[in-house]
Amino acid sequence: MEDGIGAEAAGVAGMAEPAARFVHRRVRPQAPRPFQKHDLDALAHAAAFGLCERHPQASAGRPLRPPWPVLLGPAAFVSGTALCAPGTSAAILAALFTVLVAASLILRLAAALFPPAPNPRRELDRAALPAMSVIVALHDEAAVIAGLARSLAALDYPRDRLEIVFAIEADDEETLDAARALARKHAIRVLPVPGTGPRTKPKALNLALRVARGELVAIYDAEDAPAPDQLRAAAEAFAADRRLACVQAPLGWYNGEDNWLTRQFALEYAVQFRALVPILSHLGWPVPLGGTSNVFRRIALEAAGGWDPFNVTEDADLGFRLVRAGWTIGWIAPATLEEAPISLGAWCAQRSRWLKGHLVSWLVQMRDPRGLARAGGAGAHAALHLTLGWNVLSALLHLPCLGVSLAILLAGLAAGTAPILWMGLLPGAYLTAMLSAALAARRAGIAARTADLVTMPAYWLLQGPAMVRALAEIARGDPHLWAKTEHGLSPARRAAGS
């Protein structure tokens with residue numbers, strides 16, 4: 000991977016000054032016009048296969064394999080120890096897992112206790128704001144597209160420097176018709192996405208990037224309601240830091256009070272976007288992006304190879320490739336509200352896609368661990384293993400570890416020698432996570448209920464079935480299968496008339 004994207008960006012220091020000039024050069028978006036089919040067909044192949052063909056090491060389109068060179072040494076050591084001293088081997092594994100748990104919890108607690116400030120901004124007057132392209136990939140979203148158009152129309156950004164591109168699957172006639180009905184009123188460019196390659200959001204984004212004209216590129220989802228000042232805040236953050244590739248806006252839910260599941264999701268997002276993303280950015284580590292409300296410096300996005308159409312969490316993967324290409328990632332304060340899944344089935348489908356993508360992204364990054372270390376130092380590996388790696392491992396092992404802990408505790412109590420360490424480890428981990436969530440929720444303006452905080456472990460246990468589903472999809476050869484989340488179902492959304 001280092002010989003591909005990283006080598007292509009080896010002159011990144013020399014690119015800094017052109018990057019700064021690029022942000023301030025203005026390109027006036029033209030009036031919307033229909034895209035020609037022959038033009039799109041010519042671009043579709045590059046959008047679908049460009050990264051995989053140019054940088055196969057960086058793409059999930061290449062067959063996925065465990066990082067054996069990294070794993071064989073530790074595996075041989077543990078296996079040898081298990082043969083000679085089984086008790087010692089178990090103790091080593093338990094100690095390693097405990098260290099990983101502690102590191103993950105300490106990182107999140109530190110972020111919640113001492114939150115870094117958003118990226119600095121340099122105030123820009125209207126004439127200095129750069130051209131901005133807003134891209135939204137849509138599929139089966141006719142029911143919510145009018146609300147999306149209203150939300151984007153409320154953005155405080157000069158209309159002569161803002162273009163909006165809706166990338167919609169070419170066979171999704173209902174959504175295409177709904178978008179075309181809004182196109183003239185809201186100056187929307189409607190982009191039909193040909194069926195070439197995988198049917199995924201990142202492929203649609205890649206195609207839209209090839210026709211977009213902005214110097215900055217913002218990504219939103221169908222149900223998003225971004226703060227009106229979000230794009231201006233992003234542009235001013237880029238103006239203040241020429242090494243900045245991307246800024247992430249905090250995400251939250253406008254239907255966070257629908258039920259217990261959405262309240263748990265709200266707490267989870269508070270930790271992710273009000274604590275974890277800020278501290279990763281502050282430390283200069285890679286940030287697993289949130290998939291929406293990202294604003295990119297276009298030349299940085301192109302230097303990193305764009306999105307991987309074969310990765311169902313293209314956002315998390317891209318955060319690491321941007322760092323490999325020599326750029327940094329920041330965050331801004333204006334938030335975006337989304338619609339959380341209100342049913343367990345919808346939540347499980349979405350979560351299995353996320354976990355599958357996190358595992359795939361971890362495997363892709365571990366194809367070249369030395370390249371990642373050269374680009375981002377030890378912090379890049381810490382970010383990889385404490386975010387994507389931890390998400391996968393905790394989903395796999397939470398229920399087994401809970402069962403083992405309870406069995407050891409009960410056996411110790413029956414023998415009259417209760418193991419103090421085991422009695423304190425799991426409750427300590429739970430309490431630390433609950434404290435982090437309570438602090439982050441306060442920062443997000445959420446009134447965290449005690450009942451929701453103490454039932455967080457039950458929510459975490461739901462990750463297990465989602466992880467099993469993710470592994471099953473990978474095992475049967477469907478790592479790129481996109482389990483779409485249906486929007487517009489929340490009572491809060493329907494009450495808003497969209």
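With numbering that gives the first Met the number 0 applied, the sequence shown covers 0 to 497. In this text, a Cβ means the ideal position worked out from N, Cα and C, and glycines have one as well. In this text the structure is predicted, and so the values were computed from the model without any measurement.
Item                                                                                                                    : Value
Alpha-carbon to alpha-carbon, residue 454 and residue 55                                                                : 43 Å
Simplified DSSP assignment, three categories, for residue 144                                                           : helix
Residue nearest to residue 253 in terms of C-alpha spacing, selected from 461, 451 and 445                              : 445
Beta carbon of residue 221 nearer than 7 Å to that of residue 192                                                       : no
Alpha carbon of residue 328 to alpha carbon of residue 120, nearest angstrom                                            : 14 Å
Beta-carbon gap between residue 144 and residue 246 smaller than 7 Å                                                    : no
Exposure of residue 24, with buried meaning 16 or more beta-carbon neighbours within 10 Å                               : Its pLDDT being 47, under 50, residue 24 is placed unreliably by the model, and the measurement read from it follows with that caveat. Per the 10 Å Cβ criterion, exposed.
Touch test, the region 226-234 against the region 304-315, Cβ-Cβ under 8 Å, three pairs minimum                         : no
Beta carbon of residue 204 nearer than 7 Å to that of residue 136                                                       : yes
Status (buried if at least 16 other CB within 10 Å, exposed otherwise) for residue 338                                  : buried
Alpha helix (DSSP H) segments (min. 4 residues) lying fully within the region 243-327                                   : 259-270, 276-282, 297-302 and 313-323
Cβ-Cβ distance between residue 308 and residue 157 below 7 Å                                                            : no
Alpha carbon of residue 383 to alpha carbon of residue 362, nearest angstrom                                            : 10 Å
Endpoints, the alpha helix (DSSP H) within which residue 230 is located                                                 : 229-239
DSSP state of residue 333 mapped onto helix, strand, coil                                                               : coil
Alpha helix (DSSP H) segment containing residue 473, residue limits                                                     : 462-474
Touching by the beta-carbon criterion (3+ pairs, under 8 Å), the region 351-360 and the region 259-278                  : no
Cβ pair count under 8 Å reaching 3, the region 280-295 against the region 165-185                                       : no
Status (buried if at least 16 other CB within 10 Å, exposed otherwise) for residue 255                                  : buried
Residue burial classification, residue 316 (beta-carbon count within 10 angstroms, cutoff 16)                           : buried
Nearest neighbour of residue 442, chosen from 169, 266 and 127 [CA to CA]                                               : 266
Nonlocal neighbours in the same chain, by C-beta distance under 7 Å from residue 63, ignoring five residues either side : 359, 362 and 478
Any 3 or more C-beta pairs closer than 8 Å across the region 397-412 and the region 447-463                             : yes
Enclosing beta strand (DSSP E) for residue 166 [first to last residue]                                                  : 161-168
First through last residue of the alpha helix (DSSP H) which encompasses residue 127                                    : Here residue 127 belongs to no alpha helix (DSSP H), and DSSP marks it neither H nor E.
Residues sharing a beta bridge with residue 219, DSSP                                                                   : 135
When 43, 40, 65 and 42 are compared against residue 368, the one with the closest alpha-carbon                          : 65
C-alpha gap between residue 176 and residue 216, whole angstroms                                                        : 25 Å
Cβ neighbour criterion (16 or more within 10 Å) applied to residue 486                                                  : buried
Spatially closest choice to residue 350 from 153, 208, 468 and 47, by CA coordinates                                    : 468
C-alpha distance - residue 432 paired with residue 154, whole-angstrom precision                                        : 35 Å
Buried/exposed call for residue 40, threshold 16 Cβ in 10 Å                                                             : exposed
Supposed contact pair residue 435 and residue 294 - C-beta distance, whole angstroms, cut 8 Å                           : With 8 Å as the limit, residue 294 and residue 435 do not qualify as a contact, their Cβ atoms being about 27 Å apart.
Buried/exposed call for residue 224, threshold 16 Cβ in 10 Å                                                            : buried
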